[in-house]
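Notes follow the structure.
Numbering (the UniProt record's numbering), first residue to last: 1 to 297.
In structure tokens:
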């Protein structure tokens with residue numbers, strides 16, 4: 001890949017043809033996460049990161065666009081997502097499309113992440129009805145909450161994938177976070193009463209199943225509640241568990257796709273360098289371990 005040049009029109013040319021190269025990656029998903037939900041990154045800086053990724057044969061930009069601090073992308077239907085935003089700058093639709101096109105010309109796909117139902121203070125500043133009886137997390141039984149989340153997902157998917165057909169083979173993937181939901185958030189009296197009245201939820205796991213009934217990517221926190229199956233989720237991203245646990249999960253037959261990130265948190269570079277190299281994952285013949293992502297929080 002270092003010997004090729006990607007042109008603005010999407011074509012690729014080889015710099016020299018006087019040799020034969022046999023080369024292929026061990027894993028199909030080789031990603032980098034950037035977090036603009038907590039801090040704004042100028043478009044030129046994102047492009048610089050993309051060029052560096054391309055030189056290292058990384059092929060996925062995981063763009064964490066929302067968190068407690070801000071919802072960093074401007075949407076037409078819910079303009080108040082930028083209400084009282086501590087980060088004064090956000091990305092326009094044109095800027096998102098510019099980054100996506102630039103990434104695609106480097107053979108990098110862009111996967112957006114909307115972190116729900118926790119990490120949503122940026123949502124509730126402009127739309128306080130979202131919390132309902134779930135303290136400061138989203139209320140999972142509110143029809144208003146469900147309607148808004150579905151609308152936001154639809155607009156984000158349209159925005160990020162309107163020009164990504166070539167690089168994604170038509171596939172549209174969105175990451176919906178799902179990490180760090182407090183036990184007390186979905187264990188209030190009102191929620192327990194609602195589940196009893198509706199007669200279809202017996203525990204917190206059932207309520208989580210109700211919330212995540214889409215084919216999406218998720219952080220692995222939900223595994224603490226979902227112990228029997230994982231067929232609802234297309235991809236699990238592992239950050240809480242070590243390498244041995246990831247291998248064990250891959251061998252269990254319960255999961256479709258696993259992405260490994262536990263050892264690759266770039267905001268913790270100083271903790272232990274050895275952890276970045278001591279990751280004995282091998283290419284899984286069944287395709288369960290899809291690869292991994294380095295995370296720059």
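Glycine included, each C-beta is placed from N, C-alpha and C at the ideal position.
Note that the structure is predicted; figures quoted are calculated from it, not measured.
Subject >> Cutoff 7 Å; reference residue 258; Cβ partners in own chain excluding five residues on either side >> reply: Walking along the chain shown from the start, residue 258 turns up at place 258. Excluding residues within five positions, the ones whose Cβ falls inside 7 Å are 236, 238, 246, 249, 250, 288, 289, 290.
**OP:** Within the same chain, show all residues whose beta-carbon is closer than 6 Å to that of residue 278, passing over the 5 residues directly before and after it, in chain order.
**Re:** The residue you call residue 278 lines up with position 278 of the chain shown. Result list for residue 278: empty, nothing under 6 Å.
Original post:
Short check: CB of residue 36 to CB of residue 63, under 8 Å?
Top reply: Position 36 of the chain shown, counting from 1, holds the residue named residue 36. Position 63 of the chain shown, counting from 1, holds the residue named residue 63. Closer than 8 Å, so yes.
Original post:
Is it buried or exposed for residue 24, if we count other Cβ within 10 angstroms and need 16 for buried?
Top reply: What you label residue 24 is simply residue 24 of the chain shown in a count that begins at 1. Classification of residue 24: exposed, given that the 10 Å Cβ count is below 16.
Original post:
For residue 6, does the three-state DSSP call read helix, strand or coil?
Top reply: For the purposes of this step, residue 6 is taken as the residue at position 6 of the chain shown. Correct three-state label for residue 6: strand.
**OP:** Decide if the segment 119-131 is in contact with the segment 41-52; the criterion is three or more beta carbon pairs, one per stretch, under 8 Å apart.
**Re:** no
**OP:** Provide the residue span of the alpha helix (DSSP H) that contains residue 13, from first to last.
**Re:** As a position in the chain shown, residue 13 is number 13, starting the count at 1. Taken as a continuous stretch (DSSP letters only), residue 13 belongs to no alpha helix (DSSP H), being part of the beta strand (DSSP E) at 12-14.
Original post:
Would you call residue 39 buried or exposed, if buried means 16 or more other Cβ atoms sit within 10 Å of its Cβ?
Top reply: Sequence index remark: in the chain shown, residue 39 carries index 39 (1-based). That one is exposed.
Original post:
So, is residue 295 buried or exposed, given that buried needs 16 or more other C-beta atoms within 10 angstroms?
Top reply: By 1-based counting over the chain shown, the position of residue 295 is 295. By the 10 Å Cβ count, residue 295 comes out buried.
Subject >> Proximity of residue 157 and residue 138 at Cβ, strictly below 8 Å >> reply: Looking up residue 157 in the chain shown gives position 157. Looking up residue 138 in the chain shown gives position 138. No, Cβ-Cβ distance for residue 157 and residue 138 is not below 8 Å.
Original post:
Exposed or buried, which one is residue 59 when buried takes at least 16 other CB atoms within 10 Å?
Top reply: What you label residue 59 is simply residue 59 of the chain shown in a count that begins at 1. Counting Cβ neighbours within 10 Å, residue 59 comes out buried, since at least 16 surround it.
Original post:
Quick one, which of 108, 76, 84, 109 has its alpha-carbon nearest residue 94's?
Top reply: To locate residue 94, count along the chain shown from 1; it is residue 94. Checked all of 108, 76, 84, 109; the closest Cα to residue 94 is 76.
Subject >> Cβ shell of residue 8 (< 7 Å), same chain only, five flanking positions each side left out >> reply: As a first step, residue 8 must be located in the chain shown, where it is residue number 8. 105.
**OP:** For residue 83, collect the residues of the same chain with a Cβ closer than 6 Å to its Cβ; drop the 5 residues on either side in sequence, then sort them by chain order.
**Re:** Taking the chain shown and counting its residues from 1, one reaches residue 83 at position 83. If we look at residue 83 and ignore the five residues flanking it on each side, its Cβ neighbours are 125, 126.
Subject >> Endpoints, beta strand (DSSP E) assigned at residue 143 >> reply: As a first step, residue 143 must be located in the chain shown, where it is residue number 143. Per DSSP, residue 143 belongs to no beta strand (DSSP E); it is in the alpha helix (DSSP H), 143-161.
Subject >> Nearest-angstrom beta carbon gap, residue 32 and residue 11 [assumed within contact, 8 Å] >> reply: For the purposes of this step, residue 11 is taken as residue 11 along the chain shown, with counting starting at 1. For the purposes of this step, residue 32 is taken as residue 32 along the chain shown, with counting starting at 1. Not confirmed; about 24 Å, so no contact.
**OP:** Would you grab the beta carbon distance between residue 34 and residue 49 for me? Rounded to a whole angstrom, and I think it's under 8 Å.
**Re:** The residue given as residue 34 occupies position 34 in the chain shown. The residue given as residue 49 occupies position 49 in the chain shown. Confirmed, Cβ separation roughly 7 Å.
Subject >> Exposure label - residue 151; buried when at least 16 CB within 10 Å >> reply: Here residue 151 corresponds to residue number 151 of the chain shown, with the count starting at 1. When all chains shown are included, residue 151 counts as exposed.
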